[in-house]
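Sequence lines, in order, name chains G and C. For the first sequence, the numbering used here assigns the number 81 to the initial residue and increments by one for each residue that follows. For the second sequence, the numbering used here assigns the number 5 to the initial residue and increments by one for each residue that follows.
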Amino acid sequence: MKLSITRLVLLLAMLTTASFAVAHGVDDNTRTFLQQNTGVQFVPFLYIGAKHMITGYDHLLFLLGVIFFLFRSREVLLYVSLFTLGHSITLMSGVLANIQLNAYLIDAIIGLSVVYKGFDNLGGFKRVLGFQPDTRYAVLIFGLFHGFGLATKLQEFHIPADGLLTNLIAFNIGVEIGQFAALGIILILISAWRHSATFSRFAVLTNTLLMASGIMLTGYQLTGYFNS
Amino acid sequence: MTYAHIPAKQLWLATLAAFATGLLTLVIVIMPAEYNIDPTGIGTQLGLTALSPEKLNEAPSALSNLANMDGLTTLVIPAGSGKEFKLEVAEGGQVDFEWITDGASIYVDTHGEPFNDPSGYFKSYVIATTSEMKGSFTAPFAGTHGWYFRNDGQQDITIQLFFEGQYENPHAM
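1. Could you check the C-alpha separation between Q259 (chain G) and A37 (chain C) for me, to the nearest Å?
2. What is the rounded straight-line gap between the Cα of R216 (chain G) and the Cα of L302 (chain G)?
3. May I ask you to list the residues that DSSP assigns as paired with G139 (chain C)?
4. Closer than 8 Å is the cut-off here; do at least three beta carbon pairs connect the stretch 19-26 of chain C with the stretch 207-222 of chain G?
5. What are the residues that DSSP puts in a beta bridge with G198 (chain G)?
6. From which residue to which residue does the beta strand (DSSP E) around F222 (chain G) run?
7. Mind checking if V208 (chain G) is an interface residue toward chain C, Cβ cutoff 7 Å exclusive?
8. In whole angstroms, what is the alpha-carbon distance linking Q170 (chain C) and N61 (chain C)?
9. Mind checking which residues open and close the beta strand (DSSP E) that includes G26 (chain C)?
10. Find the residues of chain C that neighbour Q115 (chain G), judging by a C-beta separation of less than 9 Å, and give them in chain order.
11. According to DSSP, S180 (chain C) sits in a beta bridge with which residue or residues?
12. Closer than 7 Å, Cβ to Cβ, to anything on chain G: give me those residues from the stretch 18-44 of chain C, in chain order.
13. So for I169 (chain G), helix, strand or coil by DSSP?
14. On the premise that G86 (chain C) lies in contact with Y129 (chain C), defined as a C-beta separation below 8 Å, what is that separation, rounded to the nearest angstrom?
15. Give me the DSSP bridge partner(s) of K87 (chain C).
16. Taking the straight line between their C-alpha atoms, what separation do you get for L52 (chain C) and M291 (chain G)?
17. Per DSSP, what kind of secondary structure is N173 (chain C) in: helix, strand or coil?
18. Counting C-beta neighbours from all protein chains within 10 Å, is the total for L141 (chain G) 16 or more, i.e. buried, or is it exposed?
19. Which residues mark the beginning and the end of the alpha helix (DSSP H) in which V146 (chain G) is found?
20. Determine whether the Cβ of G204 (chain G) lies closer than 7 Å to any Cβ atom of chain C.
21. Among G:V194, G:R281, G:I147, G:N307, which one has its Cα closest to the Cα of F225 (chain G)?
22. Does the stretch 28-42 of chain C touch the stretch 167-186 of chain G, meaning 3 or more C-beta pairs lie closer than 8 Å?
Here is the structure:
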């Protein structure tokens, strides 16, 4: 296998992801940990952040939709950076300013972001509106909502003020590590797929499924909202 | 290209299919399994509603059917302390028992002491650390027989204790 920086980076991403491949249900352990440990816990929060992103399938589905038709590394980097900027802003300010938002509604909007991207990938907005809304702005703005989603999850743990900023920064960095790892896997798989004729053949189906999953996510969260 | 250039008809078909799949799955599978909401009734038929938190919390507790019988006692053992519960039983008397905690494991010494014995002698029948036990004992001598529970944990433990047989004067110590 030809050795290159790209391959090394992608391999690292794979290994990082594999080590995070655990199911949900980490929350009880996280809660217990936070009850028993106060002050700055940099590496634990790094880990918790990464785990939230790797197991956050709503975030990952959106990212999949975003990079689906991005063929150039420059574009991938740009869009992922915009998403990162968006979610970091609201993650940090949401937790620090203790902004109280309904988690169900935020998660429903995140679900809608997945529907949006699937529809957009099929040229839906070009059809309906006559133009495709600037995807860069869309990714940034939806990124803000994804960040609020992350913030609400973190707020549920009632992290004490002692060491909060450092822990929050660690969490945010962790989210980026998790995102990097997950993206690595997604990019490897989609790059391989793009070499096959099946990519264009199944592109429509895939984005239809993406839309469907977004609808399920949105409906699931809205039901939770009306049920609570 | 930053999007798939497909004819309008294909786009609308795809969108319709997406909504149909999404809504169907929501209504038939996800809402029953997560929220016990089943407009079509199919979720219940498939057994999915049993997965919902609402249904899971309905499940009867292990000893609810014993609540109406004599010899049911609730003990609370505070964290870091121990308590005894004793029955007066004649020699050869038999007691059947069952007890269950609120989930935590607790140390138990099922034992008996003869009446009026100043030596402090006691005989243990079973020593264990567990969250539930079912059994019986036949008193080898007349005396107070029963359980010593010791909570070595950090949380108080609640125990439901049920006993029946040839005993008198059940009491906590």
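We put the CB at the ideal spot given by N, CA and C, even for glycine.
Taking the definition as stated:
1. 29 Å
2. 27 Å
3. C:F101
4. no
5. The partner list for G198 (chain G) (beta bridge, DSSP) is empty, contrary to what the question assumes.
6. Taken as a continuous stretch (DSSP letters only), F222 (chain G) belongs to no beta strand (DSSP E), being part of the alpha helix (DSSP H) at 215-235.
7. no
8. 37 Å
9. That residue, G26 (chain C), is in no beta strand (DSSP E); its alpha helix (DSSP H) goes 12-29.
10. In chain order: nothing, as chain C lies at least about 11 Å away.
11. Chain C is shown from 5 up to 177; residue 180 (chain C) falls before or after that span and cannot be answered.
12. A18, T19, A21, A22, F23, T25, G26, L27, T29, L30, I34, M35, E38, Y39, I41
13. helix
14. So it is not a contact: roughly 17 Å between Cβ atoms.
15. C:F153
16. 24 Å
17. strand
18. buried
19. 137-147
20. yes
21. G:V194
22. no
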